[in-house]
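**Q**
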Amino acid sequence: MNKPRKKKIPAFHSEAQERAFWEAHDSTDYVDWSTAQRAVLPNLKPTTRTISLRLPQHMLDSIKVAANARDVPYQSLIKIWLQEKLRG
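Residues in the sequence shown are numbered from 21 upward in steps of one, following my numbering.
What follows is the structure in structure tokens.
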């Protein structure tokens with residue numbers, strides 16, 4: 021049985037034009053998703069945002085001592101502890 025022919029994706033002059041096109045059209049009319057392969061992006065880093073966190077001096081000193089004992093920067097240790105706590 022012959023598969024129906026896919027439509028040709030038009031050329032776009034801008035990202036905005038392409039975005040508007042895909043908002044109004046179904047990609048299954050243009051792409052055979054059964055032959056798609058999963059993309060691997062090994063160098064992709066999560067988006068980070070800088071925050072200001074006020075801590076009592078004695079607490080920050082204790083964190084720095086703990087970080088020094090583990091040979092990691094204290095900001096990294098704070099992130100590790102937060103991630104562990106979030107995982108539960």
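C-beta atoms are modelled at their ideal positions from N, C-alpha and C, and glycine is treated no differently.
Say whether the segment 21–38 touches the segment 48–63, bearing in mind that this needs 3 or more beta-carbon pairs closer than 8 Å, one atom from each stretch.
**A** At 8 Å Cβ cutoff, the stretches touch.
**Q** Would you identify the three-state DSSP class for Val85, choosing helix, strand or coil?
**A** Val85 falls in the helix class under three-state DSSP.
**Q** Note down the Cα distance separating Pro76 from His45, rounded to an integer number of angstroms.
**A** When rounded, the distance between both Cα atoms is 55 Å.
**Q** Given a cut-off of 7 Å, decide if Tyr94 and Lys20 are closer than it, judged by their beta-carbon atoms.
**A** Since the displayed the chain opens at 21 and closes at 108, residue 20 lies outside it and no answer follows.
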